[in-house]
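**Q** Offset between the sequence shown (1-based) and the numbering used here: plus 372.
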Amino acid sequence: MAGLKARYRPLVCPLTQVLAEIPLGATLYDIGCGAGVPMHLALRFRQARMVRGSDISSNAIAAATSFARHGERFQAMCLPAEEQPALSGFDVVVLIDVLHHVPPAVQQDFLRSIVRRMDRGARLVLLDIDRDAFARRCCNQHHDLLLSREWVHPMRADDVRVILDHAGLQSEEPQRFKTLWYGHYLIAGTRL
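Have a look at this one:
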């Protein structure tokens, strides 16, 4: 299943816009990397010097490492949800379609913790379900219910931005995207 998700993910997720936020030659950490599609794309199209990622799914990590052909420049590891990866030393941290899987009671702390662990000057690129686009949110909800067997909890882009800014990120205005029948927002910013 992880391989199938990896193959079709670019059709339902605006990864091109995420890649546009990654400077050429950057080092990248992908929180909730799944099968590693954004990591592979960053290596190929943004000439990333190094990519690292973690996910709670051992099946997804197995898929990510099965088509890794980048040697030491690529590493994906399985981490339990309660274990927080070290983010120091990375130019860019990406969080793609992860936040809505985090339980609502800990979403704010989850975001604050990410910003706190980033180096000053590092860039955060967050892409998640657009809660404000009702019909598209319903499509996203059913997609996750079918593929992840999980009822997800998207946050409003403006609320996410406030949390990130209070945590020490200088964020940019959220961008909104439509892919097929799915809606996403992207928030990028720099750690102060």
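Even for Gly, the Cβ is constructed at its ideal location relative to N, Cα and C.
1) Just curious, the beta strand (DSSP E) that A414 is in, first and last residue?
2) Identify the continuous alpha helix (DSSP H) that holds H514 and give its terminal residues.
3) Give me whichever residues DSSP pairs with Q547 in a beta bridge.
4) DSSP three-state call for F456: helix, strand or coil?
5) May I have the straight-line CA-CA distance separating E444 from R416, to the nearest angstrom?
6) Once you ignore the five residues that flank T562 on each side, which residues in its own chain have a CB closer than 6 Å to its CB?
7) How is R492 classed by DSSP in three states: helix, strand or coil?
8) What are the start and end residues of the alpha helix (DSSP H) that includes I403?
9) The beta strand (DSSP E) with D427 in it runs from where to where?
10) Do I394 and R424 have their C-beta atoms within less than 8 Å of each other?
11) When the Cα atoms are used, what is the spatial distance from D491 to L459?
12) Would you identify the three-state DSSP class for F462, choosing helix, strand or coil?
**A** On the basis of the supplied data:
1) For the purposes of this step, residue 414 is taken as the residue at position 42 of the sequence shown. That residue, A414, is in no beta strand (DSSP E); its alpha helix (DSSP H) goes V409 to F417.
2) Position 142 of the sequence shown, counted from the first residue, corresponds to residue 514. Unbroken alpha helix (DSSP H) run through H514: F506 to L519.
3) Here residue 547 corresponds to residue number 175 of the sequence shown, with the count starting at 1. DSSP lists L558 as partners of Q547.
4) Your numbering for residue 456 matches position 84 in the sequence shown. Reading off the sequence, residue 456 comes out as Gln, not Phe. Correct three-state label for Q456: coil.
5) Start at 1 with the first residue of the sequence shown, and residue 444 comes out as number 72. Start at 1 with the first residue of the sequence shown, and residue 416 comes out as number 44. Distance between the alpha carbons of E444 and R416 is about 15 Å.
6) Within the sequence shown, residue 562 is the residue found at index 190, counting from 1. Result list for T562: R495 and Q542, in chain order.
7) Position 120 of the sequence shown, counting from 1, holds the residue named residue 492. The answer is coil: DSSP assigns R492 none of H, G, I, E or B.
8) Position 31 of the sequence shown, counted from the first residue, corresponds to residue 403. Premise fails: I403 lies in the beta strand (DSSP E), T399 to I403, not in any alpha helix (DSSP H).
9) On the sequence shown, residue 427 is found 55 positions in, with the first residue counted as 1. Segment M422 to D427, the beta strand (DSSP E) holding D427.
10) Mapped onto the sequence shown, residue 394 falls at position 22. Mapped onto the sequence shown, residue 424 falls at position 52. The answer is no: Cβ separation not under 8 Å.
11) The residue labelled residue 491 in the question sits at position 119 within the sequence shown. The residue labelled residue 459 in the question sits at position 87 within the sequence shown. Near 7 Å, if we compare the C-alpha coordinates of L459 and D491.
12) Within the sequence shown, the letter at position 90 stands for residue 462. DSSP places F462 in coil when its eight states are reduced to three.
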